[in-house]
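*Asks:*
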Amino acid sequence: YHLKIAVADALDTALDSGVFIEEGSLSTNFITVEASAVSLTVAGLETAVEGCVNGVVTFTASEPLDEAANLSFSLAGTAQEGVDYASVNTNFTIPAGSTTFSIPIEVLEDGIPDSDNIEVVFALNFACDTIVQTATLNIADILPLTVSPDITLSPGQSTTLSVSGGVPDVPGVDPASGTYTWSPATGLSSATSATPTCTPVQTTTYTVTSVLGDCTYSQQVTVTVQSCNPATDGQAGVISTDADFICSGNSVTATAVGAVLNVVDGVPDVLAYALHNSPNGDITIPGFTIYDANTTGIFSNDGAYLTNTTLYISSIVADDDGTGFPDLADPCISVSPGYPVVFLTPVQIVVNEACDWLVGDYHVTIAIFGGYPAFDAGSSYSVAGDFFGSLAQGENVEIIFPEGSTTSYAFFVSDAAGCSDQAINEEFVCYKTPVELLNYTGKVLPEGNQLNWATATETDNDYFTLERSSDGNNFTAIATIDGAGTTISAVSYTYLDRNAPNGISYYRLSQTDFNGQSKVAGIVSLNRTGNNKPLAFNYVAPVPVIDAANIAFTAATAGQYSLKVFDVTGRLVYHLPVDANSGINTVTVDMSTASAGMYFVTLTNGADMVSTKLVKK
348 YHLKIAVADA
358 LDTALDSGVF
368 IEEGSLSTNF
378 ITVEASAVSL
388 TVAGLETAVE
398 GCVNGVVTFT
408 ASEPLDEAAN
418 LSFSLAGTAQ
428 EGVDYASVNT
438 NFTIPAGSTT
448 FSIPIEVLED
458 GIPDSDNIEV
468 VFALNFACDT
478 IVQTATLNIA
488 DILPLTVSPD
498 ITLSPGQSTT
508 LSVSGGVPDV
518 PGVDPASGTY
528 TWSPATGLSS
538 ATSATPTCTP
548 VQTTTYTVTS
558 VLGDCTYSQQ
568 VTVTVQSCNP
578 ATDGQAGVIS
588 TDADFICSGN
598 SVTATAVGAV
608 LNVVDGVPDV
618 LAYALHNSPN
628 GDITIPGFTI
638 YDANTTGIFS
648 NDGAYLTNTT
658 LYISSIVADD
668 DGTGFPDLAD
678 PCISVSPGYP
688 VVFLTPVQIV
698 VNEACDWLVG
708 DYHVTIAIFG
718 GYPAFDAGSS
728 YSVAGDFFGS
738 LAQGENVEII
748 FPEGSTTSYA
758 FFVSDAAGCS
768 DQAINEEFVC
778 YKTPVELLNY
788 TGKVLPEGNQ
798 LNWATATETD
808 NDYFTLERSS
818 DGNNFTAIAT
828 IDGAGTTISA
838 VSYTYLDRNA
848 PNGISYYRLS
858 QTDFNGQSKV
868 AGIVSLNRTG
878 NNKPLAFNYV
888 APVPVIDAAN
898 IAFTAATAGQ
908 YSLKVFDVTG
918 RLVYHLPVDA
928 NSGINTVTVD
938 MSTASAGMYF
948 VTLTNGADMV
958 STKLVKK
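Heads up, the sequence shown is in my numbering, so the first residue is 348 and it goes up one at a time.
(1) Exposed or buried, residue 937, counting other C-beta atoms within 10 Å across all chains shown (16 or more means buried)?
(2) So, using beta-carbon positions, are residue 892 and residue 963 closer together than 8 angstroms?
(3) Could you check what DSSP says for residue 720 in three-state terms: helix, strand or coil?
(4) According to DSSP, is residue 879 helix, strand or coil?
(5) If we count the other Cβ atoms within 10 Å of its Cβ and call it buried at 16 or more, is residue 805 buried or exposed?
(6) Whose C-beta lies closer than 7 angstroms to the C-beta of residue 822 among residues of the same chain, with five residues either side of it excluded?
(7) Using 10 angstroms around the beta-carbon of residue 961, count the other beta-carbons present and answer buried if the total reaches 16, otherwise exposed.
(8) Distance, Cα to Cα, residue 453 vs residue 534?
(9) What is the DSSP secondary structure of residue 690, counted as helix, strand or coil?
(10) Roughly how many whole angstroms lie between the Cα atoms of residue 729 and residue 746?
(11) Can you look up residue 427 in the DSSP assignment and give me helix, strand or coil?
(12) Pick from 807, 795 and 888: whose alpha carbon is nearest that of residue 848?
(13) If you follow the beta strand (DSSP E) that residue 703 is part of, which residue opens it and which one closes it?
(14) Does the separation of the CB atoms of residue 382 and residue 483 fall below 8 angstroms?
(15) Could you spell out the range, first to last residue, of the beta strand (DSSP E) harbouring residue 934?
(16) Could you check where the beta strand (DSSP E) with residue 911 kicks off and where it finishes?
(17) Please check the pair residue 664 and residue 678, which I expect to be a contact at CB under 8 angstroms, by giving their CB distance rounded to whole angstroms.
(18) For a quick check, are the C-beta atoms of residue 697 and residue 958 less than 8 angstroms apart?
(19) So if DSSP puts residue 608 in a beta bridge, which residue, or which two residues, is it bridged to?
(20) For the candidate residues 411, 394 and 563, whose alpha-carbon lies nearest to that of residue 517?
(21) Three or more C-beta pairs under 8 angstroms: does that hold for the stretch 917-930 against the stretch 854-870?
(22) Could you check where the beta strand (DSSP E) with residue 740 kicks off and where it finishes?
(23) Please determine if the stretch 868-877 and the stretch 905-920 are in contact, where contact requires at least 3 C-beta pairs separated by less than 8 angstroms.
(24) Quick one, are the C-beta atoms of residue 787 and residue 868 less than 8 angstroms apart?
(25) What's the gap between the Cα of residue 372 and the Cα of residue 413?
(26) Would you kindly report the start and end of the unbroken beta strand (DSSP E) that includes residue 451?
(27) Spatial neighbours of residue 691 within its chain, please: C-beta separation below 8 angstroms, excluding the five flanking residues on both sides.
(28) Measuring CB to CB, does residue 743 end up less than 8 angstroms from residue 884?
(29) Considering just the uninterrupted stretch of the beta strand (DSSP E) at residue 828, what are its terminal residues?
(30) For residue 942, which of 895, 709, 671 and 905 has the nearest alpha-carbon?
As structure tokens, this is what we get:
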């Protein structure tokens with residue numbers, strides 16, 4: 348551009364003089380000065396650090412220079428040249444076309460704990476004025492790197508390591524905010540934390556390193572891990588028990604023979620007993636399961652444990668976990684070898700009764716399940732009472748009581764483990780009746796208790812009366828069913844007691860002639876299971892079975908069940924695994940190839956077992 352200044356008197360028509368102003372001589376370009384550290388020492392902190400982080404002075408023009416500018420500055424402040432920082436050339440030139448120019452400040456380590464600063468004074472001259480700017484560079488000492496002291500741990504124990512320092516010694520700066528690296532990282536919760544959790548498996552020396560600018564500092568801490576010492580650590584001993592096979596309802600008591608409890612580092616050992624599945628008592632193997640544990644050594648066969656399965660009892664000695672129980676994570680834990688025990692299923696006598704109303708004989712068939720023979724098939728039951736002898740599991744025997752010989756029976760059963768059961772009927776009724784009764788049976792259905800009977804012949808039979816009792820002594824009439832009068836043809840009858848209560852109900856069937864004389868034809872008992880029963884058969888249909896039997900049962904809990912069918916010799920003829928639901932379940936058993944006769948049906952889930960019978964035509 349060209350700017351001309353003209354001078355003249357007022358009202359003159361001609362100029363007295365004039366001058367041209369050189370291009371660029373009225374530039375308004377302004378240069379500022381800043382002082383800072385070459386890098387941030389901690390988050391957001393612009394501080395130089397002695398011997399580690401240098402400074403820099405930066406001059407910045409508001410726009411590119413048209414020509415090179417020769418400038419200078421001076422240094423003041425508390426810092427001393429040659430002591431706190433190296434000598435600096437204070438004359439400099441910003442080249443044409445540039446906007447910035449930087450001059451490094453080498454910060455020195457003076458070995459004196461102090462805080463200094465360098466003040467940069469920069470004067471910028473203009474035609475009419477001189478503008479003076481200042482910029483300050485703070486210089487800080489570095490905090491020494493310190494680490495937590497050496498420590499000794501018991502195996503498995505943890506501690507917290509700590510480090511601080513390696514940061515500028517400036518108010519407001521967290522002493523533990525440096526950049527740290529721990530080595531080795533093994534056993535540490537974090538290799539970069541100022542306070543990592545340390546759980547070494549062996550004695551380890553850890554080195555922590557801190558980097559600040561051009562400086563690297565390091566310190567070491569040793570964590571010593573004590574070894575387990577049999578002379579001072581507790582010992583579990585060996586297990587002795589008062590029983591190897593535990594009957595249902597009984598318990599086993601285990602004793603740790605030779606167990607030793609000590610106190611190490613102020614932590615007392617404690618003793619407990621565990622029921623588990625490891626013969627060697629190895630708690631580290633995959634699949635190791637503790638079924639129960641206590642400090643008494645007493646385990647009761649109340650249905651809570653696996654039955655007919657070899658389990659193991661071990662004593663455990665270790666540090667107290669704070670609850671009075673051994674700490675299973677104690678590296679110096681002592682566990683005894685497993686002592687084998689077997690919890691047996693209950694001994695059950697299954698009794699089936701039938702009266703031969705044609706001749707008056709009372710037929711009782713018994714079969715026994717559970718107890719020791721259910722675990723060891725080579726063992727048998729000892730039976731006394733109205734039958735003396737030995738029976739294998741599922742084997743049955745029939746006892747016939749002639750008419751008039753007795754009205755009661757009793758059977759007493761025991762096995763090699765001392766498990767026992769008994770079946771006693773103090774009163775049964777069976778005699779030859781005017782009505783030739785072919786059968787009198789009952790079954791529990793979801794909708795009620797169903798009674799069925801059939802006659803071969805009837806003479807002057809007016810009606811039948813059904814009575815129900817909860818105790819077998821006091822009966823109440825619930826139905827009257829017309830008889831067939833006189834007939835030599837078989838007649839079948841049925842009645843459904845829709846109001847049958849839960850529990851055992853006794854049904855007495857009597858027959859009344861046209862002349863008013865009545866006789867009891869028979870009594871059957873039915874056990875109607877409520878929802879509180881863990882397992883119960885509902886029904887077996889049809890009766891008799893032709894080809895297939897439909898069997899319904901109620902299970903309190905879902906799971907795997909085993910249904911087995913035995914013939915009268917105790918031979919297993921059918922086995923069906925059942926994946927049962929909670930509630931009523933129905934299964935079909937193929938009996939098409941089975942011989943005609945009576946069969947016993949059992950159902951179990953390992954903890955509970957029920958049985959019933961079916962008849963194959």
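For each residue, glycine too, the CB sits at the ideal point set by N, CA and C.
In this text, all values refer to a predicted model and were calculated from it rather than measured experimentally.
*Replies:* The short version:
(1) Here residue 937 corresponds to residue number 590 of the sequence shown, with the count starting at 1. Exposed, because fewer than 16 other Cβ atoms sit within 10 Å of the Cβ of residue 937.
(2) Taking the first residue of the sequence shown as 1, we reach residue 892 at position 545. Taking the first residue of the sequence shown as 1, we reach residue 963 at position 616. Yes. Within cutoff.
(3) Mapped onto the sequence shown, residue 720 falls at position 373. Of the three classes helix, strand and coil, the one that applies to residue 720 here is helix, per DSSP.
(4) Within the sequence shown, numbered from 1, the residue matching residue 879 stands at position 532. Residue placement at residue 879 cannot be trusted, given a pLDDT of 43 that sits under 50; what the coordinates show is reported in the next sentence. Residue 879: coil per DSSP, three-state reduction.
(5) Numbered from its first residue, the sequence shown carries residue 805 at position 458. Burial call: buried.
(6) The residue given as residue 822 occupies position 475 in the sequence shown. Closer than 7 angstroms at the Cβ level, and outside the excluded window around residue 822, lie 814, 815, 816 and 855.
(7) Sequence index remark: in the sequence shown, residue 961 carries index 614 (1-based). Classification of residue 961: buried, given that the 10 Å Cβ count is 16 or more.
(8) Reading the sequence shown from its first residue, position 106 is the one you call residue 453. Reading the sequence shown from its first residue, position 187 is the one you call residue 534. Going by the C-alpha atoms only, they are around 41 angstroms apart.
(9) Translated into the one-based positions of the sequence shown, residue 690 becomes position 343. Note: residue 690 maps to strand in three-state DSSP.
(10) If you number the sequence shown from 1, residue 729 lands on position 382. If you number the sequence shown from 1, residue 746 lands on position 399. If you take the alpha carbons of residue 729 and residue 746, they lie about 16 angstroms apart.
(11) The count along the sequence shown starts at 1 and reaches residue 427 at position 80. Three-state result, residue 427: coil.
(12) As a working note, residue 848 is residue 501 in the sequence shown. The residue with the shortest Cα to Cα distance from residue 848 is 795.
(13) By 1-based counting over the sequence shown, the position of residue 703 is 356. 695-703 is the span of the beta strand (DSSP E), which, as asked, contains residue 703.
(14) Here the question's residue 382 lines up with position 35 in the sequence shown. Here the question's residue 483 lines up with position 136 in the sequence shown. Closer than 8 angstroms, so yes.
(15) In the sequence shown, the residue the question calls residue 934 occupies position 587. Residues 930-937.
(16) Here the question's residue 911 lines up with position 564 in the sequence shown. Here the beta strand (DSSP E) through residue 911 covers 906-913.
(17) Within the sequence shown, the letter at position 317 stands for residue 664. Within the sequence shown, the letter at position 331 stands for residue 678. The pair is not a contact, with the Cβ atoms about 13 angstroms apart (cut-off 8 angstroms).
(18) Locating residue 697 in the sequence shown gives position 350, counting from the first residue. Locating residue 958 in the sequence shown gives position 611, counting from the first residue. Yes, Cβ-Cβ distance for residue 697 and residue 958 is below 8 angstroms.
(19) Along the sequence shown, one-based indexing puts residue 608 at 261. Residue 608 pairs with nothing; no bridge assigned.
(20) Residue 517 sits at position 170 when you count from the first residue of the sequence shown. Ranking the options by Cα distance to residue 517, first place goes to 394.
(21) no
(22) Along the sequence shown, one-based indexing puts residue 740 at 393. From DSSP, residue 740 is part of no beta strand (DSSP E); its letter is neither H nor E.
(23) no
(24) On the sequence shown, residue 787 is found 440 positions in, with the first residue counted as 1. On the sequence shown, residue 868 is found 521 positions in, with the first residue counted as 1. Going by C-beta atoms, residue 787 is nearer than 8 angstroms to residue 868.
(25) Position 25 of the sequence shown, counted from the first residue, corresponds to residue 372. Position 66 of the sequence shown, counted from the first residue, corresponds to residue 413. Residue placement at residue 372 is flagged as unreliable, the pLDDT there being 44, under the threshold of 50; a coordinate-derived value is accordingly withheld.
(26) By one-based count along the sequence shown, residue 451 stands at place 104. Counting along the chain, the beta strand (DSSP E) containing residue 451 begins and ends at 447-452.
(27) Stepping through the sequence shown from its first residue, residue 691 is reached at position 344. These residues qualify, in order along the chain: 592, 593, 594, 595, 648, 654, 655, 717, 718, 719, 721, 722, 764 and 766.
(28) Against the sequence shown, residue 743 aligns to sequence position 396. Against the sequence shown, residue 884 aligns to sequence position 537. No, the Cβ-Cβ distance between residue 743 and residue 884 is not below 8 angstroms.
(29) The count along the sequence shown starts at 1 and reaches residue 828 at position 481. Element bounds for residue 828: 823-834.
(30) As a working mapping, residue 942 is identified with position 595 in the sequence shown. Nearest option by C-alpha distance: 895.
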